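Position 156 of the sequence shown, counting from 1, maps to 166 under my numbering, and the rest follow consecutively.
Worksheet: the structure to be examined is printed underneath.
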Amino acid sequence: GLSPGLDFETQLIAKPNAAALLERELSRKGYSPDVIAIGTNTDAYQPIERDRRIMRDVLEVLSRFRHPVSIVTKGGLVERDIDILSEMAACGLAQVAVSVTTLDADLARKMEPRVPSPKRRLKTMERLASAGIPVRMMTSPIIPGLTCHEIEALLEAGAAAGAKAATSLVLRLPLEVSELFRTWLSENVPDRAARVMNRVRDMHGGQDYVADFGTRATGTGIYSKLLRDRFQRARKAVGLVKDLPVLRRDLFQVPVKPDDQLNLF
């Protein structure tokens with residue numbers, strides 16, 4: 011596997027035939043459509059996508075098949091595909107979640123050095139929303155002792171940019187990610203490093219990370235509940251909801267190919 015924070019910086023892996031493979035799968039007899047979630051693990055709008063255009067090819071296939079898609083991204087490159095996404099959204103087939111971790115531009119540069127600035131991501135949200143594409147704001151991860159004080163300001167900014175929903179996850183530090191994050195803290199915010207890690211452990215039963223599926227993204231304990239309550243109150247205060255409308259699956263259809271049409275006569 012690839013090392014988080016190290017190999018991902020230097021080793022680029024692309025799947026140029028992704029759209030063709032997707033079309034083959036969607037054309038399979040008996041295929042049952044469900045929402046395809048893109049970007050939940052790796053952002054599809056990496057810099058390499060600007061030239062490869064793999065994501066755009068994938069969206070063109072999904073559009074032709076009238077297949078629902080949900081996208082999570084931090085990249086402004088999603089704006090390139092507004093033409094496709096807006097047409098799909100008009101039919102209830104597309105929505106986009108944009109992740110904004112902090113409004114502090116300097117902190118954002120240190121945490122995510124090759125990601126668009128918070129201001130730029132809010133502008134992306136605004137442009138998507140203006141095109142009729144449902145937008146969800148993700149204030150993830152909330153880092154206790156470092157970004158948790160921004161919950162209210164983040165949600166206010168998201169609502170002003172046109173988001174209709176908002177969700178959040180707390181910081182997770184599985185396996186070697188924990189040591190990488192500790193190093194990052196000591197190099198970038200040494201005065202807050204101990205406080206951050208103490209809060210992290212408060213939310214995970216005294217450990218850096220607990221793999222339990224039900225709580226790893228929310229944490230447990232008093233401090234975790236405090237953050238959840240604050241987030242829910244702030245979300246309600248600015249008029250945001252938890253979930254965007256459910257995407258439609260009933261419109262799915264396999265396009266008729268020219269050869270298939272000729273075979274009818």
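Quick reminder that beta carbons are idealized off the backbone N, C-alpha and C, glycines included.
Predicted model only: the values in this text are computed from it and were never measured.
query, result
"Just mark residue 26 as buried or exposed, buried being the case when its beta carbon has 16 or more other beta carbons within 10 Å.", "exposed"
"Can you give the Cα-Cα distance for residue 145 and residue 212, rounded to whole angstroms?", "32 Å"
"Would you grab the beta carbon distance between residue 248 and residue 166 for me? Rounded to a whole angstrom, and I think it's under 8 Å.", "5 Å"
"With a CB to CB cut of under 8 Å and the five nearest residues on each side skipped, what residues in its chain are close to residue 148?", "82, 107, 108, 109, 110, 176, 177, 178 and 179"
"Look up residue 152 in the DSSP assignment and say whether it is helix, strand or coil.", "strand"
"Which residue's Cα is closest to the Cα of residue 170: 136, 37 and 214?", "136"
"Assign residue 147 to one of three DSSP states: helix, strand, or coil.", "strand"
"My output table needs one value for residue 242: the three-state DSSP class, helix, strand or coil.", "helix"
"Please report the straight-line C-alpha distance between residue 164 and residue 39, rounded to a whole angstrom.", "45 Å"
"Expressed to the nearest angstrom, what Euclidean distance is found between the alpha-carbon atoms of residue 183 and residue 37?", "40 Å"
"Locate the alpha helix (DSSP H) running through residue 1, then write down its first and last residues.", "No answer is possible for residue 1: the residues shown for the chain start at 11 and end at 275."
"Please classify residue 264: does DSSP put it in a helix, a strand, or coil?", "coil"
"If you draw a straight line from the alpha carbon of residue 64 to that of residue 260, how long is it in whole angstroms?", "26 Å"
"What separation, rounded to the nearest whole angstrom, lies between the Cα atoms of residue 255 and residue 105?", "9 Å"
"Alpha helix (DSSP H) containing residue 206: first to last residue?", "203-212"
"Assuming residue 84 and residue 119 form a contact by the criterion Cβ under 8 Å, report the distance between their Cβ atoms to the nearest whole angstrom.", "Actually they are not in contact, since the Cβ atoms of residue 84 and residue 119 sit about 13 Å apart, beyond 8 Å."
"Tell me, which residues are paired with residue 105 by DSSP?", "80"
"Along the chain, where does the beta strand (DSSP E) that runs through residue 177 open and close?", "175-177"
"Quick check: residue 219 and residue 188, are their CB atoms within less than 8 Å of each other?", "yes"
"With 16 other CB atoms within 10 Å as the buried threshold, where does residue 158 fall?", "buried"
"In the DSSP assignment, what are the bridge partners of residue 47?", "80"
"Do residue 113 and residue 160 come within 8 Å of each other at the CB atom, strictly closer than that value?", "yes"
"With a 10 Å radius around its C-beta and 16 neighbouring C-beta atoms as the bar for buried, classify residue 41 as buried or exposed.", "exposed"
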